[in-house]
Amino acid sequence: MSEIICYSVGTTVPDAVTSCTLLPWFWGHGTELTDGDSKVIFGEGERFEAMLDTAEFIQTLINEQVVAEDIASVTFNDVEANFVGGQTAMAILGNWHYPLMKDSGGEEFISKIGITDIPAVPGHEPCTTAGGWNISMFTQNPEQQELAWNFMDFYRSIEVQTLFTRIGQMSTLLSVYEQDEFKNDPVWQAYSQGLYGGKARDGVVFYSAVDESFKEIIQSAATGEEDLAGVIKEEAEKAQKSADDMMK
């Protein structure tokens, strides 16, 4: 999964859109949400300053009318529709949106799209949220293992990975993007290059709690909360409590 840059973003709390879209703004400070083990760290030190800067930046975009005032209720589908319809000049949209934009906007619209990295603060590299699905095998039965491996070999083949990419489910198999239909498409090439700077969300058992806190912070910023520092501190404490409970 990779994304294009925007100033039209969805911040609705109930799903992963907020995190996938806006975590690169936070990561672009060269910091993390957790220590990768047991501790929530976005409420302290440089991580706190990075989170506060991210939240305040969102409010600045709203106050200066770079994004719409109703950003707190915008969904990913709204972002796509506004971008294709010409109401939005720039948009962070995932690779899965590209085939849909081709269908709704047409080749002429696609030919006018320019792509760039999500900005990072000076001194740090841009990144994008990368994620997806894994296939795992748990059986100890040799016969079932063989069947599972056969399916995995089929699933990871260039034929299947090409099909998935063609419909918008991005493959990490580099040879897919060396084929003419992707090699000659600047949008797909930009997405594939974005994977080199892709970051996965923290692989900790309590990540869901951290994700909810991040979305609450963003929602607070989008709805005009004045005490963003207080919200960040409160959410960090809440996430750490949840983490401690989950790891007992």
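Using our numbering, the first residue of the sequence shown is number 11, and each one after it goes up by one. Heads up, the beta-carbon is just placed ideally off N, CA and C, and yes, glycines get one too.
Subject >> Assigned secondary structure, threonine 44 (DSSP; H/G/I helix, E/B strand, else coil) >> reply: strand
Subject >> One or two residues paired with lysine 209 in a DSSP bridge >> reply: Thr139
Original post:
With respect to the alpha helix (DSSP H) encompassing asparagine 160, which residues constitute its N-terminal and C-terminal limits?
Top reply: 152-165
**OP:** Specify whether the segment 66-85 and the segment 226-245 touch according to this definition: at least 3 beta carbon pairs, one from each stretch, less than 8 angstroms apart.
**Re:** yes
**OP:** Counting only the same chain and skipping the five closest in sequence on each side, list residues whose C-beta sits under 6 angstroms from that of valine 19.
**Re:** With a pLDDT of only 38 at valine 19, under the threshold of 50, the placement of this residue in the model should not be trusted; the figure read from the coordinates follows. Counting only Cβ-Cβ distances below 6 angstroms, and skipping sequence neighbours, we find Thr31 and Ile102.
Original post:
Quick one: complete alpha helix (DSSP H) runs, 4+ long, within the segment 68-121?
Top reply: 86-94 and 108-121
Original post:
Taking valine 170 as the reference, which of Val186, Trp159 and Leu157 has the closest Cα?
Top reply: Measuring from the Cα of valine 170, the nearest candidate turns out to be Val186.
Original post:
Which residues mark the beginning and the end of the alpha helix (DSSP H) in which glutamine 250 is found?
Top reply: Segment 238-256, the alpha helix (DSSP H) holding glutamine 250.
Original post:
Taking Cβ to Cβ, would you say asparagine 92 is nearer than 7 angstroms to threonine 98?
Top reply: Contact flag set, yes.
**OP:** Leaving out five residues on either side along the sequence, give the residues of the same chain with a beta carbon under 8 angstroms from the beta carbon of phenylalanine 67.
**Re:** Trp35
Subject >> threonine 64 classed as buried or exposed, judged by whether at least 16 other C-beta atoms fall within 10 angstroms >> reply: buried
Original post:
What residue range is occupied by the uninterrupted alpha helix (DSSP H) comprising alanine 219?
Top reply: 217-232
Original post:
Pick from Asp190, Ala26, Gly141 and Thr126: whose alpha carbon is nearest that of lysine 209?
Top reply: Gly141
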